[in-house]
Amino acid sequence: MIQAPHPYVRRYLAGHAAKAGVLEQVLVPDQLPWLDPVRLARQLRLTPAPEHSRLWTLLGAWRSVRHRLSWDDPRSNIAALDAALLASGMPTPRRSGAGLSWHPRWVEWVTGGTVVGSFEGRRPFAAFGQLAGRSVLVTGSDTDVGVWESATGEQLGELFSASEEVAAVAIGGDEGSTLASLSRSGRLTLWDVVSRAQLLDVSLPGDAFRSLAMGRLRDRWVAVAAGSTGQVSVRWVDTGEDALAPFGDVPFVRGVALARTGTGLRAALGHADGIVTTWDLQEQAEPRVTIVIGSEVNAVDLAEFDGYGILLATGTSNGLAGVWDATTGVPLGPAWEHDGEVRAVALGSVGGDPMLVAGALDGTVHVAPALQPAAGTVLPHPDAVTTVEFGDVDGRVMVATACADGNTRLWDPVQPSAARTSVDGRIGSVAVVATDHDDVDVVTGDDRGHLQLWSGPGDLPMTQVDVAGDRRARLEKTAHEPAATVAAGHVAGRLVALTSYLGAIRLFDLDSQVNGRPRLVRAHDLEEGTWRPPALHVGDDEALFAATDTWNDPIRVRDAVTGRATGLQLPQDASSYLLGFHRSRARTWLAVSDHRQLTFLDVETGTPLGPPIEVQGSPGSVAVGLLEGEDVVAVFGSGRLRLCDVSSGADRIPPITTSYTARGVAFARVGERDVVLTAHFATVRVWNPYTGRRLAQLPFGTNIEAMAVHSSPDGIVHVAVAGPGLLLTELYDGSARIG
Amino acid sequence: MSAGDDVLRRHLIAIATDTFAADATFPPLDVASELRTVADWLTDESLGDRRFTDEGYEVLARSPRYDQIRQLLTGDPGFTSGDAVVLYVTGHGHKDQGVHWVVLRDSDPSRLSHNSLGTAELIRWLAAYRDLTHVLIIIDLCQAGDVADEIPAALQRDLPEGWFVLCTASAGVDAGLGAFSGVLESVIADLRSGTHRESNDQEPYLRPSYFVEELQRRLTEKHRQKLVSINQPYGPSVCLPNPRYDATRLEAVATNPARRDLALSQSALDTHWLHRAPVTFDQGSVFTGRRRLMTRLIDVATGPADTLVVAGRAGCGKSAALARLVTCSDAAFRQQYAHVLAVAEPVPPADSVDVAVLATGKTPDQIAQQIADGLGAGEPQGDGLTGWITAIWQALGARDGPATLVIDGLDEASDPTAVTLTLLERLTSQKYGWLRLLIGVRSSGSGATTDQRGRELADLVVDALGARRLQADADEFWEEEDLAGYAAQLLAHGEQPSPEQSRLAARIAGRSGRSYLLTGLVARHLAEPSADSVSDALLREVVETGVRDLVLQDLESSIPDPAMRDKALRLLRTAALSFGRGIPWRDLWARAATAIDGAVPVDQDDVARLLNQRASGYLIRDMEDGGVVYRLFHDELKSALTEGRPGDVDETSAHLAITRTLMAHAGWEWTLR
């Protein structure tokens with residue numbers, strides 16, 4: 002039985018232990034989830050631990066999820082920490098407790114860094130600052146700008162609200178309290194962090210702004226920005242007036258950096274046409290050096306170092322990050338290559354030596370001595386990196402990275418905290434299948450066009466096959482690549498997987514290998530560029546998919562083994578959604594929605610399963626289950642989870658209000674209890690379908706993409722969660738196990 | 291924050307039927323006395339804020355119809371997280387065809403399903419309110435235990451932690467008329483009178499484990515009935531108000547609840563205003579003098595919208611001045627102590643302080659909620675802190691003029707900077723001229739040269755809020771004669787000081803470094819010898835003895851028994867070493883004190899003895915996480931006692947002992963790594 006410790010123990014044990022010099026003694030997996038995360042963060046701040054020690058792993062895991070821990074829900078803390086610990090390589094105990102509990106079996110997940118500042122589901126931009134003697138991180142996302150204490154992750158004050166979507170943030174001023182945000186369209190807004198007064202709100206000429214810098218010019222602070230016109234605006238932060246006449250005539254400025262040098266304030270501008278220009282801003286803007294980089298420049302930074310002179314860092318769209326002598330334009334050392342565009346670079350100093358950090362859209366950050374890139378370290382991220390910065394936190398040089406998963410993280414550039422990456426790319430689709438030895442395997446599809454079969458932990462899946470063929474995504478720069486969709490199960494006694502990737506439908510026999518790869522059973526290609534996301538189904542001895550072959554064809558359901566079309570045919574309708582196949586009453590049904598109604602249609606006859614269920618907008622995800630002998634559909638989307646009787650279409654219980662992010666929904670049976678599971682942006686939740694009360698949840702430190710659920714005959718539910726990695730966890734009823 | 295702080299409405303819903311159409315099968319019942327027992331406990335006026343009311347549900351206690359019950363339990367406005375519900379069901383109960391029914395007036399014995407109420411249905415109705423977390427349901431009917439079989443397993447397992455259901459008879463067993471209520475009455479009577487070992491006047495709410503166990507024991511002994519309990523909260527329950535709880539003991543004098551946080555303590559009042567012996571220590575309150583300081587505070591509290599930071603070193607009397615401002619503005623206090631106000635010039639106008647908050651150990655959210663409650667702002671307008679701030683703004687905007695808010699102990703808040711930056715600066719935003727805000731913050735030194743002191747919290751608050759600063763121990767506000775007057779009071783034991791005593795008081799004041807605490811201790815120490823026999827050397831020696839040793843000497847004189855004194859000191863030191871709002875009285879204080887030092891264990895009786903000693907004047911009682919906690923009343927005192935006596939284990943070892951005690955209490959293994 003899990004008995005909550007006394008609140009005083011939870012709040013102050015770490016405080017007493019710290020005073021006694023034995024804080025490490027109380028930081029163990031059994032106890033950590035119960036301790037007040039806010040107070041513990043204040044005690045620990047960024048206390049390092051010996052590399053690869055038990056404490057190092059433990060703190061690494063805790064710091065990667067501490068923003069998801071709460072005082073009110075220690076059971077969720079246990080779930081989140083256990084998953085993070087296992088991802089960091091530390092086995093977790095099976096907890097003995099009443100009620101629904103999680104036990105992660107294996108995790109391959111990107112982990113590392115200390116999360117400071119979190120905007121769920123929104124791409125942030127970040128900057129370091131010093132406020133009232135405390136190191137702070139400023140992060141902006143959408144129209145929100147937040148200030149966080151770097152060492153503890155505590156938010157200082159409410160969010161500031163910008164009038165337009167934030168594209169860059171900066172903080173400066175004599176007291177360190179002038180906060181600036183810049184929108185894509187050039188809206189520059191300044192606030193005083195302490196008084197919260199808005200100091201300035203002006204529109205800069207131009208468009209497509211991506212970078213903002215603040216610096217001190219002639220004893221006054223300026224904000225510098227430039228966008229598509231190439232005209233650089235230098236504004237006094239106290240008046241908003243031009244400090245210098247607008248200058249620059251090379252269009253499409255992507256990056257702006259300022260540096261205080263021996264000769265005054267300098268600026269570096271990175272241009273889309275592959276050049277960097279540097280300018281002296283002291284009296285009036287004067288061009289200094291033009292450096293031809295050769296590829297679209299996304300980011301620049303500029304800094305002066307004793308013994309090294311003024312260095313320039315660049316990051317480009319071809320994945321290169323390089324360092325240059327800003328005075329001569331000569332490259333210093335080889336450039337570093339990432340798999341994706343480099344979107345952010347920063348220069349810093351550790352022990353007097355210049356360091357470079359670069360962040361890329363492939364989710365990697367490379368940090369190394371500026372002139373010795375081979376000596377560097379890769380900091381793995383679950384998503385694209387938008388900002389990197391060096392800063393001072395409690396006397397330590399730290400790197401801040403803002404990531405498209407909504408989180409800004411802190412890293413020690415020399416000894417990163419328990420960083421680990423296990424999976425290439427992102428896994429966007431997942432299925433759980435029973436094995437013939439009473440266990441489960443996991444089948445996934447990733448954004449590289451791979452089908453994968455996992456049987457347990459390890460650096461690689463047991464089986465991996467390219468399902469893309471010659472089809473490759475045409476990508477927008479900042480968009481996620483689409484992932485292969487998978488469905489898996491048994492047909493005719495064989496484990497098969499049905500995949501869909503860019504219109505290529507493939508059926509594989511996973512029990513049969515050809516040249517070490519699963520045997521391709523059948524291929525069906527939809528017209529390229531015209532397809533809608535097909536619906537896949539494998540189970541109950543059949544493999545089906547629903548899709549349109551060409552622009553003008555109706556939606557058909559086909560048997561994936563034989564290629565035969567079933568009797569169900571739907572007219573082409575751009576507004577209709579295919580929400581998947583579901584089994585009920587020994588028949589297979591295709592769920593279809595047109596934004597107003599959700600209908601289940603028999604795949605052979607087209608007969609509806611019941612009356613239409615009224616919906617508003619996209620239903621998101623649906624699932625069908627059996628409750629008290631009745632078919633019930635769970636409709637999860639638009640901020641609500643609804644449980645409706647299939648026979649009447651009526652809600653069984655009042656809708657449950659949830660977040661607007663829907664990643665999946667499933668029915669399951671844990672021990673003797675029926676439950677519904679929902680997957681959200683970064684959380685899996687378990688609900689009682691009879692009362693609508695939440696029973697348990699599993700929070701993640703970063704965003705997730707998909708969930709699959711399998712109820713085993715022994716009462717244990719296996720839940721696989723995919724995203725920047727893969728987790729397989731058991732959900733079990735601890736009450737049922739007692740005695 | 292106590293367990294019940296988030297509860298805005300407390301409902302006693304009694305469903306009772308006394309006469310029946312089918313009276314041959316269901317004879318009349320005298321349920322009135324049962325209802326009276328429950329109501330006498332839960333609706334007792336003396337419960338104050340913890341009192342339940344049956345308002346709106348009275349009809350259900352008078353033989354209600356099914357539709358009336360359903361309408362009141364399922365219709366609007368329903369129940370939310372701000373409600374606590376005690377549902378008491380009495381009358382005839384009967385099981386028919388596998389279903390347990392509450393028999394209603396028109397129930398037909400041959401067809402109970404037609405005009406009766408399914409007992410499990412009641413629970414389902416309440417369970418449908420997903421945010422309702424404080425519920426006690428008492429099914430006092432025959433065969434009530436059968437209900438447990440009818441509540442779906444899914445519901446029974448998943449009832450929230452704050453819910454519990456008591457069935458007063460097991461399945462298939464009849465409940466005796468008045469059996470449960472009689473037992474309840476006796477348990478409440480024992481709790482109220484203090485005759486039971488578990489009764490106490492410290493905690494506002496009872497723990498379900500004790501309560502249920504006691505009911506169970508007596509019900510079995512007297513009536514051979516078994517109490518069936520479904521779900522049982524672990525911590526104190528809002529639905530179980532402690533009838534013996536004494537809200538005034540060691541607490542503030544009676545004032546408006548919005549000001550209670552900073553109101554002067556009753557014992558301080560007794561000491562300094564009514565001159566009642568035995569003298570307890572001053573609890574940070576100084577009632578006379580400080581005219582210039584009080585005048586300035588009153589000016590700010592009654593002037594235009596403004597923000598004033600009242601800074602000063604520990605012990606300089608800033609908290610006492612703020613407490614005096616708050617208390618003396620309270621209408622209830624002024625009415626009761628008019629004779630006192632007559633000698634307490636300057637006195638603020640009535641109701642010149644709207645809300646007073648002691649920030650010690652509190653988070654920004656907790657402080658915001660308290661301000662909102664004090665202003666009558668109602669429900670938060672949104673999630674989290676923003677919701678409370680919006681509610682406060684709305685309440686302020688609806689007023690005719692600015693409100694006066696006093697916050698003391700900002701430096702002791704959970705995170706003072708966060709409170710400043712996340713809450714106070716938004717409340718004092720210049721576009722809202724709705725607030726007079728006075729903030730007490732400890733600062734170093736009394737000089738006005740900020741640069742010499744470095745940047746500290748008081749500076750940050752001044753800058754962040756654009757506030758004016760008042761240094762309570764600055765020359766401008768320091769009146770040496772006040773300190774001397776205070777010392778003279780103590781030397782004269784509340785009588786008119788003799789000239790010798792006044793002269794000695796002036797000498798003490800001159801040597802005590804503007805510390806009321808040290809002045810009080812020294813004066814008390816020197817109160818016994820005749821004033822004119824105190825040499826300079828003796829005075830210097832006593833002053834140099836320091837706070838800690840003066841406290842030790844005071845304990846020596848007040849607790850003659852060395853063993854008892856040792857335990858008292860260990861308890862006081864444990865309180866000094868505690869974090870947050872203090873050491874929990876019930877579960878941890880004695881254990882931690884036992885572990886810190888000494889061979890003789892300290893137990894709960896020793897705690898009780900200390901609290902009945904005059905040495906309890908060194909302590910402040912407070913609430914945290916629903917439990918009673920104690921801490922030292924003064925920071926200077928806390929620092930002094932943290933060190934311990936000569937020969938005691940050092941501070942590090944003491945914290946280690948507490949750490950291990952806390953680990954053991956949680957059932958966690960201590961492993962040296």
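In order, the protein sequence lines correspond to chains A and B. Going by my numbering, 102 is the number at position 101 of the first sequence; the sequence numbering is gapless. Going by my numbering, 353 is the number at position 63 of the second sequence; the sequence numbering is gapless. Even glycine gets a Cβ: it sits at the ideal position worked out from N, Cα and C.
Apart from the five residues just before and just after residue i, which ones in its own chain have a Cβ nearer than 7 Å to its Cβ?
{"i": "R11(A)", "result": "W35, L36 and D37"}
{"i": "L564(B)", "result": "Because the pLDDT at L564(B) is just 29, under 50, the model does not fix this residue reliably, and the value given afterwards should be weighed accordingly. Same-chain partners within the cutoff: there are none."}
{"i": "T510(B)", "result": "K516"}
{"i": "L362(B)", "result": "Y347 and L350"}
{"i": "V643(B)", "result": "R549, A591, L615, V616, S619, T694 and V696"}
{"i": "R106(A)", "result": "L729, T730 and E731"}
{"i": "T58(A)", "result": "S89, G90, M91 and A419"}
{"i": "L900(B)", "result": "A858, L861 and S906"}
{"i": "P8(A)", "result": "none"}
Starting from residue i, find everything on chain B with Cβ-Cβ shorter than 7 Å and list it in chain order.
{"i": "A21(A)", "result": "T942, H945, L946 and T949"}
{"i": "R197(A)", "result": "E715, R716 and S719"}
{"i": "G352(A)", "result": "In chain order: nothing, as chain B lies at least about 29 Å away."}
Identify the contact partners of residue i in chain A, using a Cβ-Cβ distance below 9 Å as the criterion.
{"i": "E874(B)", "result": "Rather than Glu, the amino acid found at residue 874(B) in this sequence is Pro. Residues of chain A passing the Cβ test: H7, P8 and Y9."}
{"i": "A708(B)", "result": "E150, E155, Q156, L157 and G158"}
{"i": "L750(B)", "result": "A133, G134 and V195"}
{"i": "L675(B)", "result": "E159"}
Using a Cβ cut-off of 9 Å, pull out every chain B residue sitting near residue i, in sequence order please.
{"i": "Q698(A)", "result": "By Cβ distance, chain B contributes nothing, its closest Cβ being about 14 Å from Q698(A), past 9 Å."}
Just to confirm, does residue i get its C-beta within under 7 Å of one of the non-hydrogen atoms of the ligand FMN?
{"i": "E529(A)", "result": "Among the components modelled here there is no ligand, and therefore nothing to report on the ligand FMN."}
Below 7 Å on C-beta distance, what does residue i contact in chain A?
{"i": "D877(B)", "result": "H7"}
{"i": "G756(B)", "result": "S196"}
{"i": "R420(B)", "result": "G693 and R694"}
{"i": "W958(B)", "result": "D31 and Q32"}
{"i": "G870(B)", "result": "R12 and Y13"}
{"i": "A417(B)", "result": "T692"}
CB residue i to CB residue j, shorter than 8 Å?
{"i": "G638(A)", "j": "A663(A)", "result": "yes"}
{"i": "A536(A)", "j": "L499(A)", "result": "no"}
{"i": "E297(A)", "j": "L321(A)", "result": "no"}
{"i": "D985(B)", "j": "V939(B)", "result": "The structure shown does not extend to residue 985(B), since chain B spans only 291 to 963, so no value can be given for it."}
{"i": "Y908(B)", "j": "L927(B)", "result": "yes"}
{"i": "L711(B)", "j": "A662(B)", "result": "no"}
{"i": "F210(A)", "j": "A226(A)", "result": "yes"}
Which residues in the same chain have their Cβ closer than 6 Å to the Cβ of residue i, if we skip the five residues on either side of it in sequence?
{"i": "A566(A)", "result": "R557 and R559"}
{"i": "A721(A)", "result": "V431, V433, V443, A709 and L729"}
For residue i, collect the residues of the same chain with a Cβ closer than 8 Å to its Cβ; drop the 5 residues on either side in sequence, then sort them by chain order.
{"i": "Q131(A)", "result": "V137, G177 and D393"}
{"i": "Q843(B)", "result": "H815 and T835"}
Along chain A, which residues have their Cβ under 8 Å away from the Cβ of residue i?
{"i": "H955(B)", "result": "P6, H7 and V10"}
Secondary structure, alpha helix (DSSP H): runs of 4+ residues fully inside the region 470 to 525 of chain B
Segments of the alpha helix (DSSP H) lying fully in the region 470 to 525 of chain B: 498 to 513.
Counting only runs that start and end within the region 148 to 223 of chain A, where is the beta strand (DSSP E) found for 3 or more residues in a row?
Entirely contained in the region 148 to 223 of chain A, the beta strand (DSSP E) runs reaching 3 residues are, in chain order, 167 to 173, 179 to 184, 188 to 193, 199 to 204 and 213 to 218.
Continuous alpha helix (DSSP H) assignments of at least 4 residues falling wholly in the region 476 to 506 of chain A
DSSP assignment within the region 476 to 506 of chain A yields no whole alpha helix (DSSP H) run of 4 residues or more.
Can you list, in chain order, the stretches of the beta strand (DSSP E) that have 3 or more residues and sit fully within the region 623 to 695 of chain A?
Under the rule that a run must span 3 or more residues, the beta strand (DSSP E) segments found entirely inside the region 623 to 695 of chain A read 631 to 638, 641 to 646, 665 to 671, 674 to 680 and 684 to 688.
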